[in-house]
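Following: one structure in structure tokens, then a few remarks.
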Amino acid sequence: MTRPRPRPATTTRPPGRTDPRRPSAAARTPTRPLRTPPQPPPHPTELFAERLLLVLSGQKPVHWAARHIAHTAFDDLTRLAELAPFNVNDRRPTIHRIGHYEPRPGVYEVFARIGAGSALRALAFRLHLGDDQRWRCTAVEVGAPPP
Numbered sequence: 035m036t037r038p039r040p041r042p043a044t045t046t047r048p049p050g051r052t053d054p055r056r057p058s059a060a061a062r063t064p065t066r067p068l069r070t071p072p073q074p075p076p077h078p079t080e081l082f083a084e085r086l087l088l089v090l091s092g093q094k095p096v097h098w099a100a101r102h103i104a105h106t107a108f109d110d111l112t113r114l115a116e117l118a119p120f121n122v123n124d125r126r127p128t129i130h131r132i133g134h135y136e137p138r139p140g141v142y143e144v145f146a147r148i149g150a151g152s153a154l155r156a157l158a159f160r161l162h163l164g165d166d167q168r169w170r171c172t173a174v175e176v177g178a179p180p181p
């Protein structure tokens, strides 16, 4: 009886060709995502400036910010929102510069320059830190447009 001959141990693949069913060595090594350093949370003055800007430009209704507005500031904001002082030619206004003054701990007086169309307008508001550690706006004013 004749025995089958053993096959040679050489590969039948042409040199340089890889098996398409197996991932390459580069694909097998895990890649780490690029890490960006954590960003600090935005300052309350920046958050409130954005909120007020959305309401005063007509992009959000007044009641959207109601829980963040206290006392007579809600009435002032409602009156100002009807005028839509930052809605110019349906273009979205932008904050050009923002600053604040802290007359005492837990109180910020904030001023911002708002680009509305081709003009710059002023926005001023006051923030108070409540007993529940939440910031609330207690006053809102908008600079009158030039005559």
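Using my numbering, the letters of the sequence shown correspond one by one to residues 35 to 181.
Cβ coordinates follow ideal geometry from the N, Cα and C atoms, glycine included.
In this text the structure is predicted, and so the values were computed from the model without any measurement.
For the 8 Å Cβ check, are there 3 or more pairs between the segment 94-110 and the segment 123-141?
Contact between the segment 94-110 and the segment 123-141 is absent, because fewer than three Cβ pairs lie under 8 Å.
Give me the Cα-Cα distance between GLU116 and ALA99, rounded to the nearest whole angstrom.
Residue numbering aside, residue 116 sits at position 82 when the sequence shown is read from its first letter. Residue numbering aside, residue 99 sits at position 65 when the sequence shown is read from its first letter. A direct Cα-Cα distance of roughly 15 Å separates GLU116 from ALA99.
Roughly how many angstroms lie between the CA atoms of LEU154 and ARG147, to the nearest whole one?
In the sequence shown, the residue the question calls residue 154 occupies position 120. In the sequence shown, the residue the question calls residue 147 occupies position 113. Counting only the Cα atoms, ARG147 lies some 6 Å from LEU154.
For the alpha helix (DSSP H) containing VAL89, name the first residue and the last one.
Against the sequence shown, residue 89 aligns to sequence position 55. VAL89 -> alpha helix (DSSP H) spans 78-90.
Note down the Cα distance separating LEU88 from ILE132, rounded to an integer number of angstroms.
In the sequence shown, counting from the first residue as 1, residue 88 sits at position 54. In the sequence shown, counting from the first residue as 1, residue 132 sits at position 98. Whole-angstrom Cα-Cα distance: 16 Å.
CB-CB under 8 Å to THR128, same chain, minus the five flanking residues each way: which ones, in chain order?
Here residue 128 corresponds to residue number 94 of the sequence shown, with the count starting at 1. Closer than 8 Å at the Cβ level, and outside the excluded window around THR128, lie ILE148 and GLY149.
Kindly indicate the opening and closing residues of the beta strand (DSSP E) around ARG170.
Within the sequence shown, residue 170 is the residue found at index 136, counting from 1. Counting along the chain, the beta strand (DSSP E) containing ARG170 begins and ends at 169-176.
Which first and last residues belong to the alpha helix (DSSP H) in which LEU111 is found?
Here residue 111 corresponds to residue number 77 of the sequence shown, with the count starting at 1. It spans 107-117 - the alpha helix (DSSP H) in which LEU111 sits, taken as one unbroken run.
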